[in-house]
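Accompanying notes for the structure given below.
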Amino acid sequence: HSILPDDPHSASSECRWHSHQSRPGWDINIYTQLKVTCDAEYFYLNSNIKALENGVQIHQHKWQEKVSRGFS
Numbered sequence: 010h011s012i013l014p015d016d017p018h019s020a021s022s023e024c025r026w027h028s029h030q031s032r033p034g035w036d037i038n039i040y041t042q043l044k045v046t047c048d049a050e051y052f053y054l055n056s057n058i059k060a061l062e063n064g065v066q067i068h069q070h071k072w073q074e075k076v077s078r079g080f081s
């Protein structure tokens, strides 16, 4: 998390997660990331998920969303 002392609109937060599961002949890794930033009018969400099976990427998806703060 970060924020500048005199600028509440500089707030940002980032979360990363890694999950690993395996058994004989099977090994998966899932990586996720979410970053949230903002300005006076919107929250901005950037997210990514990536899945690997036996070291080969089998899925990836990225999202970018803009959500109105709606505080008026």
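Heads up: the sequence shown at position 23 corresponds to 32 in the working numbering, and the numbers run straight through without jumps. The beta-carbon is built from N, C-alpha and C at its ideal position, and this holds for glycine as well.
Exercise. Quick one: any contact between the region 27-37 and the region 12-19, if contact means 3 or more CB pairs under 8 Å?
Worked result: no
Exercise. Roughly how many whole angstroms lie between the Cα atoms of aspartate 15 and tyrosine 51?
Worked result: 19 Å
Exercise. Leaving out the 5 sequence neighbours to the left and right, which residues in its chain are closer than 6 Å to asparagine 3 when beta-carbon positions are compared?
Worked result: This structure cannot speak to residue 3, because the chain is shown only from 10 to 81.
For this session: Confirm, please, whether the CB-CB distance from lysine 59 to glutamine 73 is below 9 Å.
Result: no
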